[in-house]
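Visitor: As given, the protein sequences belong to chains A and B, one line each in that order. 6 is the number of the first residue of the first sequence in the numbering used here; add one for each residue after it. 6 is the number of the first residue of the second sequence in the numbering used here; add one for each residue after it. Just dropping this structure here.
There are 2 protein chains.
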Amino acid sequence: MSRSIDVLGVGNAIVDVLARADDDDLHRAGLRKGAMQLVDEARAGQLYAEMGPTTVVSGGSAANTMAGLASFGRSAAFVGKVKDDAAGKEFFHDIRKAGVAFETAFATDGAATARCLILVTPDGQRTMNTYLGACQALEPADLDDDLVRAAKILYLEGYLWDPPGAKAAFLKAANISRANGAQVALSLSDSFCVDRYRGEFLQLIRDGLVDIVFCNESELHSLYETADFDTALRALCAENNLLGVVTRSAKGCVVADGDQATAVPAFPVEDVVDTTGAGDLFAAGFLAGLAQGLPHAQSASLGALAAAEVISHIGARPQKDLLQLARDQGLLG
Amino acid sequence: MSRSIDVLGVGNAIVDVLARADDDDLHRAGLRKGAMQLVDEARAGQLYAEMGPTTVVSGGSAANTMAGLASFGRSAAFVGKVKDDAAGKEFFHDIRKAGVAFETAFATDGAATARCLILVTPDGQRTMNTYLGACQALEPADLDDDLVRAAKILYLEGYLWDPPGAKAAFLKAANISRANGAQVALSLSDSFCVDRYRGEFLQLIRDGLVDIVFCNESELHSLYETADFDTALRALCAENNLLGVVTRSAKGCVVADGDQATAVPAFPVEDVVDTTGAGDLFAAGFLAGLAQGLPHAQSASLGALAAAEVISHIGARPQKDLLQLARDQGLLG
């Protein structure tokens, strides 16, 4: 019997290094609050030296989503590149122990495992600085065709557009999945990432290479270059054969399916500790629902639940059993 | 003007690696729930391979206490040994960024930086497995006499009795502090640690080398080899010129000062996530009060507050500003 998995995620394999900071710290360091920016090794070292005491947890956008899917009891695999250094071994340990199939070969030379230096402000907002390191060594050859063909859904992060080899791997995987009749989902990742690659992302959608788009409000605004939410949402709904899922923080989310836009509320969270991974875990919940054929509104509620769990603690991987949580909430039987 | 600091802590310098587990996992791995046991490198590797996804945060009992003191706005220094590897640099970064003076030279060869593999069960209880590594390279020469003389209070962890060089450093520091008229505090660390060194710990107390003892109930029971709390407490009260501080989890604590035993309640905690560092942070609060001449009951409340903060999240270092927290609670002006 050939292998079958619910979702294969391809993304940058990153270890997160998180510290508390206040708005003044961000200002002093010249950082854009809430954004992800790429930094080189020297800048990463300088930022680390300025950061407070840290908590180190495996991260990476698509990797977090796959960890979330596994926590919902779905089968998930991940492809991403780490080096065989301490951080890379930690990433390897953590994603496999999260229940995600991960078999990408370690890089044995070259740049260190990627790390994301994350400053978390008292409002829970996270500001990310990514040193891509070994992620830049990911190449199409790291993608096993059979693995891609085994996936019912392929999940790709927009951040993959940053390292050239990863972009090539992205396109290879998307084409295999399309030929195979699988669904291809794209996370737009970050509004500045959309700024960098707007034309290409729109082309992917309009070429029909992408069936599902996950984004938050600011990414949606950036994609359609408008500050008005309704205008942007209308543009998303007007894309042919696209399922769009737009997260709006405490305002919940909107599922745009052709001319039908369905709003689903967020889960109340008493104390927002760290929003790192909120979008990643929303996508995990939504895909967990989609993979078992649930209605979009119910899938979106699973996403909201997973996002609520992950923002209630430091770090972007779930700390609770999401399947159990969903059952406790009556969202899954 | 010569240097003056409130508290100097000497302890094992450790990076904590925490993962969730259930009672069955502990049983399968042959671990004693709630205890700290020493493991060699091979066993540490084996346990790590069995652990779930981890969160990595700097730890070490006395180091956690010093981080807590700094968070209360007191001046604190720490002496402990790490290697110049990734974990050692993380420890170095974190303790200094916590506001603690730390100048112990890195070990440049020999064993890796110590790590403590911690399994946290759903009840919040932590079970610790310590690979001492570079801690075994701590020696009396690492203690600067002037630094020890600068401290109003010297804080030593019982765990120091495990590595022979650290024990020698402990005794050197205690003798300098005693000659200097400073107070010497000892944390009993762990009931099995007390089992290993009961006679020596009692001798330290009865020789007058130790003025203050911090312990929890099970350590107290172990020290006096009785299962009855009142019997053990009476024995503690009967020690000459000793201030004893006994923590009792949700039951609060008892301050034993000669024939006077004062009970102070714990702070209510809604969700006990991870008890790692509870005793360390209790000691931090108590010493923060003591260092500024507050009454014992008030100092104990500061300890209870700090312990409540640290058990409400993963990891043994405070995530909130304890001085601010104490002011918000009306415990400090």
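Virtual Cβ for every residue (Gly too), placed ideally from N, Cα, C.
Enumerate, from N- to C-terminal direction, the unbroken beta strand (DSSP E) stretches of 3 or more residues contained entirely within the region 220 to 296 of chain B.
Guide: 248 to 252, 258 to 262, 265 to 269
Visitor: Sorted by chain position, which residues of the same chain lie with C-beta nearer than 6 Å to Trp166(B)'s C-beta, five sequence neighbours on each side aside?
Guide: Locating residue 166(B) in the second sequence gives position 161, where the first residue counts as 1. The residues are Lys172, Tyr202.
Visitor: Residues of the region 56 to 82 of chain A with a CB closer than 8 Å to any CB of chain B: list them in chain order, please.
Guide: Residues of the region 56 to 82 of chain A whose Cβ lies closer than 8 Å to any Cβ of chain B, in chain order: Met56, Gly57, Pro58, Thr59, Thr60, Val61, Val62, Ser63, Ala72.
Visitor: Within the region 119 to 145 of chain B, note down every full beta strand (DSSP E) run reaching 3 residues or more, in order along the chain.
Guide: Correct list: 119 to 125, 131 to 136.
Visitor: Of all the CB atoms in chain A, is at least one closer than 8 Å to the CB of Lys38(B)?
Guide: Working through the second sequence from its first residue, we reach residue 38(B) at position 33. No, Lys38(B) does not count as interfacial toward chain A.
Visitor: Tell me which residues share the same chain as Gly170(A) and place their Cβ nearer than 6 Å to its Cβ, disregarding the 5 neighbours each side in the sequence.
Guide: The residue given as residue 170(A) occupies position 165 in the first sequence. So the list reads Leu143, Glu144, once near-sequence residues are dropped.
Visitor: Below 9 Å on C-beta distance, what does Gln130(A) contact in chain B?
Guide: Translated into positions along the first sequence, residue 130(A) becomes position 125. What Gln130(A) touches in chain B: nothing, since even the nearest Cβ is about 16 Å away.
Visitor: With burial defined as no fewer than 16 other Cβ atoms inside 10 Å of the residue's Cβ, what is the status of Thr126(B): buried or exposed?
Guide: Position 121 of the second sequence, counted from the start, is the residue given in the question as residue 126(B). Classification for Thr126(B): buried.
Visitor: Identify whether Met56(A) lies in helix, strand or coil by the three-state DSSP scheme.
Guide: Locating residue 56(A) in the first sequence gives position 51, counting from the first residue. The answer is coil: DSSP assigns Met56(A) none of H, G, I, E or B.
Visitor: Determine the closest residue to Val189(A) out of Ala178(A), Phe97(A), Ser196(A), Ala116(A), with distance taken between C-alpha atoms.
Guide: Here residue 189(A) corresponds to residue number 184 of the first sequence, with the count starting at 1. Of the listed residues, the one whose Cα sits closest to Val189(A) is Ala178(A).
Visitor: Please state the DSSP three-state secondary structure of Ser63(A).
Guide: For the purposes of this step, residue 63(A) is taken as the residue at position 58 of the first sequence. Strand, per DSSP.
Visitor: Gln324(B) versus chain A: which residues are under 8 Å apart at the beta carbon?
Guide: The sequence position of residue 324(B) within the second sequence is 319, counting from 1. Against Gln324(B), the close residues of chain A are Arg25, Ile319, in the order they occur along the chain (beta-carbon pairs closer than 8 Å).
Visitor: Spatial neighbours of Leu152(B) within its chain, please: CB distance less than 7 Å, with the 5 preceding and 5 following residues excluded, ordered by chain position.
Guide: Numbered from 1 along the second sequence, position 147 holds the residue referred to as residue 152(B). The residues are Leu13, Ala82.
Visitor: Please report whether the beta-carbon of Asp216(B) lies at a distance below 8 Å from any beta-carbon of chain A.
Guide: Counting from one through the second sequence, the residue named residue 216(B) turns up at place 211. With 8 Å as the cut-off, Asp216(B) does not count as an interface residue toward chain A.
Visitor: Cα separation between Tyr229(B) and Thr113(A)?
Guide: Taking the first residue of the second sequence as 1, we reach residue 229(B) at position 224. Taking the first residue of the first sequence as 1, we reach residue 113(A) at position 108. Roughly 55 Å separates the two Cα atoms.
Visitor: On a Cα-Cα basis, can you pick out the residue from Gly57(A), Ala283(A), Leu328(A), Asn180(A) that is closest to Gly320(A)?
Guide: Within the first sequence, residue 320(A) is the residue found at index 315, counting from 1. Of Gly57(A), Ala283(A), Leu328(A), Asn180(A), the residue nearest in Cα terms is Ala283(A).
Visitor: Classify Gly16(A): buried if its beta carbon has 16 or more other beta carbons within 10 angstroms, exposed otherwise.
Guide: Along the first sequence, read from residue 1 onward, the residue named residue 16(A) stands at position 11. Classified as buried, Gly16(A) has 16 or more neighbouring CB atoms from the shown chains inside 10 Å of its CB.
Visitor: Just the Cα atoms here: how many angstroms apart are Thr118(A) and Val61(A)?
Guide: Within the first sequence, the letter at position 113 stands for residue 118(A). Within the first sequence, the letter at position 56 stands for residue 61(A). When rounded, the distance between both Cα atoms is 13 Å.
Visitor: Leaving aside the five residues before and after Asn185(A) along the sequence, list all residues of the same chain whose C-beta is less than 7 Å from its C-beta, in chain order.
Guide: Looking up residue 185(A) in the first sequence gives position 180. Excluding sequence neighbours, Asn185(A) sits near Arg154.
Visitor: Three or more C-beta pairs under 8 Å: does that hold for the region 215 to 228 of chain A against the region 243 to 250 of chain A?
Guide: yes
Visitor: Should Lys88(A) be flagged as near chain B, meaning a C-beta pair shorter than 8 Å?
Guide: Along the first sequence, one-based indexing puts residue 88(A) at 83. Lys88(A) does not count as touching chain B.
Visitor: Please report how far the alpha carbon of Ala296(A) lies from the alpha carbon of Phe287(A), in whole angstroms.
Guide: Translated into the one-based positions of the first sequence, residue 296(A) becomes position 291. Translated into the one-based positions of the first sequence, residue 287(A) becomes position 282. Distance between the alpha carbons of Ala296(A) and Phe287(A) is about 14 Å.
Visitor: Anything in chain B within Cβ reach of Ala339(A), meaning under 7 Å, just list it in chain order.
Guide: Outside the displayed range of chain A (6 to 338) lies residue 339(A), so it cannot be described from this structure.
Visitor: Using the beta-carbon count (16 or more within 10 Å), is His32(A) buried or exposed?
Guide: Working through the first sequence from its first residue, we reach residue 32(A) at position 27. With fewer than 16 Cβ atoms within 10 Å of its Cβ, His32(A) is classed as exposed.
Visitor: Would you call the region 33 to 46 of chain B and the region 89 to 100 of chain B in contact, with 3 or more CB pairs under 8 Å?
Guide: no
Visitor: Locate the alpha helix (DSSP H) running through Glu314(A), then write down its first and last residues.
Guide: As a first step, residue 314(A) must be located in the first sequence, where it is residue number 309. Taken as a continuous stretch (DSSP letters only), the alpha helix (DSSP H) holding Glu314(A) covers 301 to 315.
Visitor: What do you reckon, are the CB atoms on Ile210(A) and Glu244(A) nearer than 8 Å?
Guide: The residue given as residue 210(A) occupies position 205 in the first sequence. The residue given as residue 244(A) occupies position 239 in the first sequence. Yes, the pair counts as a contact, with Cβ atoms nearer than the cut-off.
Visitor: Please go through the same chain and pick out, in chain order, the residues whose beta-carbon is closer than 7 Å to the beta-carbon of Thr59(B), but skip the five residues on each side of it.
Guide: Here the question's residue 59(B) lines up with position 54 in the second sequence. So the list reads Val22, Leu23, Ala24, once near-sequence residues are dropped.
Visitor: Counting only Cβ-Cβ distances shorter than 8 Å, please list the residues of the region 89 to 118 of chain A near chain B, keeping chain order.
Guide: Against chain B - using a Cβ distance shorter than 8 Å - the residues of the region 89 to 118 of chain A are Asp90, Ala91, Ala92, Glu95, His98, Asp99, Ile100, Lys102, Ala103.
Visitor: Do Gly73(A) and Asp326(A) count as a contact pair if the criterion is CB distance below 8 Å?
Guide: Residue mapping note: residue 326(A) aligns to position 321 of the first sequence, counting from 1. Residue mapping note: residue 73(A) aligns to position 68 of the first sequence, counting from 1. Their beta carbons are not under 8 Å apart, which means Asp326(A) does not touch Gly73(A) by this criterion.
Visitor: Take the Cβ of Asp279(B) as the centre, count every other Cβ of all protein chains shown within 10 Å, and call the residue buried at 16 or more, exposed below.
Guide: Taking the first residue of the second sequence as 1, we reach residue 279(B) at position 274. With 16 or more Cβ atoms within 10 Å of its Cβ, Asp279(B) is classed as buried.
Visitor: For Ser223(A), collect the residues of the same chain with a Cβ closer than 7 Å to its Cβ; drop the 5 residues on either side in sequence, then sort them by chain order.
Guide: The sequence position of residue 223(A) within the first sequence is 218, counting from 1. Correct list, in chain order: Ser196.
Visitor: My output table needs one value for Gly14(B): the three-state DSSP class, helix, strand or coil.
Guide: For the purposes of this step, residue 14(B) is taken as residue 9 along the second sequence, with counting starting at 1. Under the three-state reduction of DSSP output, Gly14(B) falls in the strand class.
Visitor: Can you list, in chain order, the residues of its chain whose CB lies under 7 Å from that of Thr109(A), leaving out five sequence neighbours each side?
Guide: Translated into the one-based positions of the first sequence, residue 109(A) becomes position 104. Excluding sequence neighbours, Thr109(A) sits near Val84, Gly85, Lys86, Asp147.
Visitor: Quick check on Ser192(A): does DSSP put it in helix, strand or coil?
Guide: The residue given as residue 192(A) occupies position 187 in the first sequence. It is a strand residue.
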